[in-house]
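Per our numbering, residue 343 is the first one in the sequence shown, and the count goes up by one each step. See below for the structure under consideration.
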Amino acid sequence: MAAQALIQLSRPSEALGYAHTAYQLAVAQNSKSATDVANVVLEAKKQRWRKQERNRIDRDNSMLKQMKELVKRDSERKILDLREQQWDSPSGERDLESEIAVIREDARVQMDELENVFARADPQRYKPREVPDYLMDSISFSIMTDPVVTKNGHSYDRPVIMDHLRRSNTDPLTREPLSVSDLRPNLALKQVCAEFLEENAGWAVDY
């Protein structure tokens, strides 16, 4: 899937676009791949948010930004060195893009470690913000405000699943028959979602 390749290349915004399109197609075709594609959408969204969070944290701390810039330059130098090498591997064991992906992942891990160091020093200011997966609607990929649970135990935001059921009487993830009468309020999850949005009102709505 193109979205997964773009995630590996640290291009989450592009990946999210491809993944959303693939998910909508999977749901429209009642495909069994809908669950797997939904997970790719969530991963792309997480990566895009983490990238935005890194930019926010960098703006607040010039020292952290400088240290991460050194890591970035080092990874770019390694990638340049790889591209300049003569690749002679008839068996295909050495793949340039795979090697580059490893270098980028190593750089990402180093940057995460730097952020963790600063977060421990000043948690309120530098701790990355993130939304737990269980608060996210599996159709819109937004934080739920009025979650309902199906007979199979899947939770969706009420207006989103109601809109889906007007077009198809199936669970978008399991493909099993589903009707409005099968939906029940998920009051416990609704309370958790409400508390999370209240405690993180300054940023959660933009996730």
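Glycine included, each C-beta is placed from N, C-alpha and C at the ideal position.
Check	Outcome
The segment 376-388 touching the segment 411-430, judged by at least three CB pairs closer than 8 Å	no
Residue nearest to Q427 in terms of C-alpha spacing, selected from V369, I442, I399	I442
Pick from M453, A370, L531 that is closest to D475, judged by C-alpha positions	L531
Continuous alpha helix (DSSP H) assignments of at least 4 residues falling wholly in the segment 388-458	404-426
The segment 364-374 contacting the segment 447-459, beta-carbon criterion three pairs below 8 Å	no
N458 to V522 span [Cα, whole Å]	45 Å
Per-residue burial, M478 [other beta carbons within 10 Å of its own, 16 or more giving buried]	buried
M478 - DSSP class collapsed to helix/strand/coil	strand
E472 beta carbon less than 8 Å from that of W391	yes
Three-state secondary structure assigned by DSSP to T487	coil
CA-to-CA distance, A461 to V369, given in whole angstroms	40 Å
Length of the line joining the Cα atoms of R398 and R517	40 Å
Contact check, A344 vs Y360, beta carbons under 8 Å	yes
Cα-Cα separation, D505 to L438	45 Å
Buried/exposed call for M405, threshold 16 Cβ in 10 Å	exposed
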